[in-house]
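Chemist: In UniProt numbering, the protein residues as written are 1 to 520. My questions all concern the structure below.
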């Protein structure tokens, strides 16, 4: 996701109902070149030279409401990324602001963000959208890795790291991913001529593909989300419910979810119904697969779920929770990232043709695409990275600490919500030449004056111990689908689309792309 990115970041609310880890511990290693221990940082930041929290630049707001009215005038929660970008230009690389009912420190500078990650504790904590926490509490249910903290999170994370992050394991999933891509291309070949060259409901098509791909990796078998026109399955209903979870959650960003739940407002009822059904379907699939594997001797050969079943210290209930949430997380994140990539290529035909030339040199049309072929198509990886720079799936990364930390010369109190502005970073002209232009070539390391900014200036999956656990699979999925799509279709954009925040970065209107089949 990426499996969690991010549906992970932007509730913008401190959750009183969330269990907190209170143990401070050495930070996980962070790839920024800053190697000091957390304790050293805190010692160095513990002097009187640190400015108090209230000295951080801030925008004036109204009592209780803060700057909510200004945010609403700017476009509301859907334009929060642009609003914070405006505040950075006005107040600088670090500011504090009352965003709806919660106050946060917002940073948009690569050195400051490096400092945040360099201060990470043994059990990093991120923000979980409050509607999801209230839902879990009201229903009395436990959830998966995204909702875990402390030793429980670390134990389960280590188990999943091997299956989802180890390069040799991810490479094994290539055949699964490639087969599903071929099925989707066949489906689009049938759909696009029927609709004047447009693939209808492209977002839903990519949701289905994303869930089918991760579901196959997790369960070791197909789920039938990517079916030929006219065929349906319950997993396709699941896609609808997941879309509603994210959409209704986003509507509660500047509203009190607790109040919405207490008063049973329509937005809460829609959210609750979607969550009930999505979790039910995901758990039913998981329970069914566990039953199917009951008498299997070599469990580790049957997807991620088989590996979890082979672990002695993971209960059946924990497996159900973890797997169900992985499937839910897969839908929204990778599907939107891929949609932005196709949109960017449709808007930049010269990039499309460069990519096509590399693809055809690596693998003739009609032949299956393998992981080995991807290594011969470097331009494809640059396209993925450039897409995620311009359209970060998580426009804000989040952290909270159990102790005070120094940041930008200020003392940040424990439990303060820190928002790291991915959108602002990726479009900062100090880090990227022509930042609003789609230029995959900038990721070629020989491009002078730019490549040194790439790693720290663009972190779509986060970094450190709690970075996106699905990042390698997400990149694999995106690269395979983009390659086969461009090899089979000439993409042409038929509308202009802006960004809207719906927990993650989504189009503000449906993306319309003409899929013209290439001559064989």
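Idealized CB from N, CA, C, for every residue including glycine.
On a CA-only basis, which of 283, 441, 61 and 155 is nearest residue 387? Give me that one, please.
Modeler: As a working mapping, residue 387 is identified with position 387 in the chain shown. The shortest Cα separation from residue 387 among 283, 441, 61 and 155 belongs to 441.
Chemist: So which of 261, 349, 249 and 490 has the shortest CA-CA distance to residue 139?
Modeler: Your numbering for residue 139 matches position 139 in the chain shown. Among 261, 349, 249 and 490, the Cα nearest to that of residue 139 belongs to 261.
Chemist: Based on Cα-Cα distance, which residue from 520, 397 and 505 lies nearest to residue 79?
Modeler: Taking the first residue of the chain shown as 1, we reach residue 79 at position 79. It is 505.
Chemist: Smallest Cα separation from residue 161: which of 464, 380 and 490?
Modeler: Locating residue 161 in the chain shown gives position 161, counting from the first residue. Cα-wise, what sits closest to residue 161 is 464.
Chemist: Given a threshold of 16 other Cβ atoms within 10 Å of its Cβ, counted over all protein chains shown, does residue 279 qualify as buried or as exposed?
Modeler: Here the question's residue 279 lines up with position 279 in the chain shown. It is buried - the Cβ of residue 279 has at least 16 other Cβ atoms within 10 Å.
Chemist: Check each candidate in 471, 508, 419 and 487 and name the one with the smallest Cα separation from residue 106.
Modeler: Stepping through the chain shown from its first residue, residue 106 is reached at position 106. When only C-alpha atoms are compared, the closest one is 419.
Chemist: Would you mind working out which of 507, 155, 518 and 491 sits nearest residue 199, comparing C-alpha positions?
Modeler: To locate residue 199, count along the chain shown from 1; it is residue 199. When only C-alpha atoms are compared, the closest one is 491.
Chemist: For residue 488, count neighbouring Cβ atoms within 10 angstroms of its own Cβ and tell me buried if that reaches 16, exposed if not.
Modeler: Along the chain shown, one-based indexing puts residue 488 at 488. Residue 488 comes out buried.
Chemist: Count the CB pairs spanning the segment 211-230 and the segment 248-255 that are closer than 8 Å, and state whether there are at least three.
Modeler: No: the two stretches stay apart, fewer than three of their Cβ pairs being nearer than 8 Å.
Chemist: Pick from 320, 401, 427 and 335: whose alpha carbon is nearest that of residue 118?
Modeler: Reading the chain shown from its first residue, position 118 is the one you call residue 118. Minimum Cα distance to residue 118 is reached at 401.
Chemist: Residue 184: which of 211, 436, 133 and 172 sits nearest, CA to CA?
Modeler: Residue mapping note: residue 184 aligns to position 184 of the chain shown, counting from 1. Closest by alpha carbon: 211.
Chemist: Please identify the residue among 484, 470, 293 and 469 whose C-alpha is closest to the C-alpha of residue 368.
Modeler: Within the chain shown, residue 368 is the residue found at index 368, counting from 1. The shortest C-alpha separation from residue 368 is found at 484.
Chemist: Taking only three categories from DSSP, how would you classify residue 348?
Modeler: The sequence position of residue 348 within the chain shown is 348, counting from 1. Reduced to three states, the DSSP call for residue 348 is coil.
Chemist: Do residue 244 and residue 264 have their beta-carbon atoms positioned less than 8 Å apart in this structure?
Modeler: Within the chain shown, residue 264 is the residue found at index 264, counting from 1. Within the chain shown, residue 244 is the residue found at index 244, counting from 1. Cβ atoms of residue 264 and residue 244: not closer than 8 Å.
Chemist: For residue 319 and residue 475, I'd like the C-alpha separation in whole angstroms.
Modeler: For this step, residue 319 is matched to residue 319 along the chain shown. For this step, residue 475 is matched to residue 475 along the chain shown. Approximately 25 Å, taken between the alpha carbons.
Chemist: My output table needs one value for residue 467: the three-state DSSP class, helix, strand or coil.
Modeler: The residue you call residue 467 lines up with position 467 of the chain shown. Of the three classes helix, strand and coil, the one that applies to residue 467 here is coil, per DSSP.
Chemist: Alpha carbon to alpha carbon, how far is residue 292 from residue 110?
Modeler: Locating residue 292 in the chain shown gives position 292, where the first residue counts as 1. Locating residue 110 in the chain shown gives position 110, where the first residue counts as 1. Their Cα atoms are separated by approximately 48 Å.
Chemist: Put residue 500 into one of helix, strand or coil per three-state DSSP.
Modeler: Residue 500 sits at position 500 when you count from the first residue of the chain shown. If DSSP states are grouped into helix, strand and coil, residue 500 belongs with the strands.
Chemist: How would you write the range of the beta strand (DSSP E) that residue 521 sits in, first residue to last?
Modeler: This structure does not reach residue 521, given that the chain is present from 1 up to 520, and the question cannot be answered.
Chemist: What beta strand (DSSP E) runs, 3 residues minimum, are completely inside the segment 67-112?
Modeler: If we require 3 residues or more, the beta strand (DSSP E) runs fully inside the segment 67-112 come out as 94-99 and 102-107.
Chemist: Using a Cβ-Cβ cutoff of less than 7 Å, which residues in the same chain neighbour residue 423 once the five nearest sequence positions on both sides are dropped?
Modeler: Position 423 of the chain shown, counting from 1, holds the residue named residue 423. Taken in chain order, the residues that qualify are 81, 85, 392 and 395.
Chemist: In the segment 352-422, which residue ranges form an unbroken alpha helix (DSSP H) of at least 4 residues, counting only runs that do not cross its ends?
Modeler: 371-374 and 378-390, all fully within the segment 352-422.
Chemist: Tell me the DSSP secondary structure of residue 507 in three-state form.
Modeler: Taking the chain shown and counting its residues from 1, one reaches residue 507 at position 507. The answer is strand: DSSP assigns residue 507 an E or B state.
Chemist: Would you say residue 500 and residue 253 are within 8 Å of each other, going by their C-beta atoms?
Modeler: For the purposes of this step, residue 500 is taken as residue 500 along the chain shown, with counting starting at 1. For the purposes of this step, residue 253 is taken as residue 253 along the chain shown, with counting starting at 1. For residue 500 and residue 253, no; Cβs fall outside 8 Å.
Chemist: According to the Cβ coordinates, are residue 482 and residue 214 closer than 8 Å?
Modeler: Position 482 of the chain shown, counted from the first residue, corresponds to residue 482. Position 214 of the chain shown, counted from the first residue, corresponds to residue 214. Going by C-beta atoms, residue 482 is not nearer than 8 Å to residue 214.
Chemist: On the three-state DSSP scale, how would you describe residue 138?
Modeler: Looking up residue 138 in the chain shown gives position 138. Note: residue 138 maps to helix in three-state DSSP.
Chemist: Report the partner residues of residue 493 according to the DSSP bridge assignment.
Modeler: Here residue 493 is taken as the residue at index 493 of the chain shown, counted from 1. Looking at the DSSP assignment, residue 493 forms a beta bridge with 513.
Chemist: With a cut-off of 8 Å on the beta carbons, I'd call residue 267 and residue 331 a contact; round off their distance for me.
Modeler: Looking up residue 267 in the chain shown gives position 267. Looking up residue 331 in the chain shown gives position 331. Rounded, the Cβ-Cβ distance is 20 Å, inconsistent with contact.
Chemist: My output table needs one value for residue 185: the three-state DSSP class, helix, strand or coil.
Modeler: By 1-based counting over the chain shown, the position of residue 185 is 185. Helix, per DSSP.
Chemist: Going by CA-CA distance only, name the one from 363, 373, 370 and 384 that's closest to residue 351.
Modeler: Counting from 1 along the chain shown, the entry for residue 351 is found at position 351. Closest option to residue 351, Cα to Cα, is 384.
Chemist: If we ignore side chains and look at the alpha-carbon of each, how far apart do residue 356 and residue 520 end up?
Modeler: Reading the chain shown from its first residue, position 356 is the one you call residue 356. Reading the chain shown from its first residue, position 520 is the one you call residue 520. Near 13 Å, if we compare the C-alpha coordinates of residue 520 and residue 356.
Chemist: Grab the span of the alpha helix (DSSP H) containing residue 163 for me, first residue to last.
Modeler: What you label residue 163 is simply residue 163 of the chain shown in a count that begins at 1. That run of the alpha helix (DSSP H) goes 150-165.
Chemist: Just to confirm before moving on: does the CB-CB distance between residue 425 and residue 470 stay below 8 Å?
Modeler: On the chain shown, position 425 is the one that residue 425 refers to. On the chain shown, position 470 is the one that residue 470 refers to. It is not a contact, given that the beta carbons lie outside the stated cut-off.
Chemist: Please report the residue range of the alpha helix (DSSP H) in which residue 226 lies.
Modeler: What you label residue 226 is simply residue 226 of the chain shown in a count that begins at 1. Element bounds for residue 226: n/a, residue is neither H nor E.
Chemist: Which term fits residue 96, buried or exposed, when burial requires 16 or more other beta carbons within 10 angstroms of its beta carbon?
Modeler: By one-based count along the chain shown, residue 96 stands at place 96. Its Cβ being crowded by 16 or more others within 10 Å, residue 96 is buried.
Chemist: Might you give, ordered along the chain, the residues of its own chain that have their beta carbon closer than 8 Å to the beta carbon of residue 479, omitting 5 neighbours on each side?
Modeler: One-based indexing of the chain shown puts residue 479 at position 479. The answer, listed in chain order, is 374, 377, 380, 381 and 384.
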